[in-house]
Amino acid sequence: AQKVTQAQTEISVVEKEDVTLDCVYETRDTTYYLFWYKQPPSGELVFLIRRNSFDEQNEISGRYSWNFQKSTSSFNFTITASQVVDSAVYFCALSDYSGNTGKLIFGQGTTLQVKP
Amino acid sequence: DTAVSQTPKYLVTQMGNDKSIKCEQNLGHDTMYWYKQDSKKFLKIMFSYNNKELIINETVPNRFSPKSPDKAHLNLHINSLELGDSAVYFCASSQVRSLGQFFGPGTRLTVL
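In structure tokens:
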């Protein structure tokens, strides 16, 4: 069965701190895709990154970076020098590749609060 | 231009009523989805259509019926609304399955 676990329900940091959001996944597929989405207080879901199972290179985009490790089935997300605008719910997701449905299996989400 | 749009954004109704939520995408994608986000923020797939053909129908009550008149539209009709149907419903679309989806702004449904 496919599953995504985000063990951190809520994280609170002070502005400029670095913060890492954890994501652990389970799948029997050898090919799969992982995602991170951001849901700010306004409610929309914003796509942040997609990573396929064959690409374990870490990715950096500005203050955001992602660490993908197949050996531990983890796809963690780090925000460097956090800002108040980073306050949101962050979702990690796994796509149903072998079933060819494209459906996303989401983790429970991590609520990040960045205080000024 | 809005990529994936949903109407209405807010829907407040009484138990037992029937309501519809409309979704349109102008990205030229051939697969569309409905997700439900409950009060604990958990997101779960409900339905998916590919070129007007139903490809996902998760364990959703029969009171929910999706309809896709063409590949740019996927509507959700809900009969006999219940309190537990209160949630945010998101429409999404993708060009190639498994490569991720673009989401609409969501429709917040409140059943009184």
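In order, the protein sequences belong to chains A and B. Per the working numbering, the first sequence runs over residues -14 to 101. Per the working numbering, the second sequence runs over residues 21 to 132. For each residue, glycine too, the CB sits at the ideal point set by N, CA and C.
(1) By the 10 Å Cβ neighbour count, where 16 or more other Cβ atoms means buried, how is aspartate 90 (chain B) classified, buried or exposed?
(2) In chain order, what residues of the same chain lie with their CB nearer than 8 angstroms to the CB of glutamate 41 (chain A), ignoring the 5 residues before and after it?
(3) With respect to the beta strand (DSSP E) encompassing methionine 52 (chain B), which residues constitute its N-terminal and C-terminal limits?
(4) Taking 8 angstroms as the CB-CB cut-off, is threonine 139 (chain A) touching chain B?
(5) Would you mind sorting phenylalanine 39 (chain A) into buried or exposed? The rule is 16 or more other CB atoms within 10 Å of its CB.
(6) CA-CA distance, serine 72 (chain A) and lysine 1 (chain A)?
(7) Measuring CB to CB, does phenylalanine 123 (chain B) end up less than 8 angstroms from valine 24 (chain B)?
(8) Strictly under 8 angstroms for the Cβ-Cβ distance: is proline 125 (chain B) near chain A by that measure?
(9) Pull up the distance between the alpha-carbon of cysteine 43 (chain B) and that of asparagine 37 (chain A), whole angstroms please.
Taking the definition as stated:
(1) On the second sequence, residue 90 (chain B) is found 70 positions in, with the first residue counted as 1. By the 16-neighbour rule on beta-carbons within 10 angstroms, aspartate 90 (chain B) is exposed.
(2) For the purposes of this step, residue 41 (chain A) is taken as the residue at position 56 of the first sequence. Correct list, in chain order: Phe53, Gln54, Lys55.
(3) Working through the second sequence from its first residue, we reach residue 52 (chain B) at position 32. Note, methionine 52 (chain B): beta strand (DSSP E), 51 to 57.
(4) One cannot answer for residue 139 (chain A) here, as it falls past the ends of chain A, which runs -14 to 101.
(5) Position 54 of the first sequence, counted from the start, is the residue given in the question as residue 39 (chain A). By the neighbour-count rule (16 or more Cβ atoms within 10 Å), phenylalanine 39 (chain A) is not buried but exposed.
(6) For the purposes of this step, residue 72 (chain A) is identified with residue 87 of the first sequence, where counting begins at 1. For the purposes of this step, residue 1 (chain A) is identified with residue 16 of the first sequence, where counting begins at 1. The alpha-carbon atoms of serine 72 (chain A) and lysine 1 (chain A) are separated by roughly 12 angstroms.
(7) On the second sequence, residue 123 (chain B) is found 103 positions in, with the first residue counted as 1. On the second sequence, residue 24 (chain B) is found 4 positions in, with the first residue counted as 1. Yes. Within cutoff.
(8) As a working note, residue 125 (chain B) is residue 105 in the second sequence. Chain A contact via Cβ: present.
(9) The residue labelled residue 43 (chain B) in the question sits at position 23 within the second sequence. The residue labelled residue 37 (chain A) in the question sits at position 52 within the first sequence. Distance between the alpha carbons of cysteine 43 (chain B) and asparagine 37 (chain A) is about 29 angstroms.
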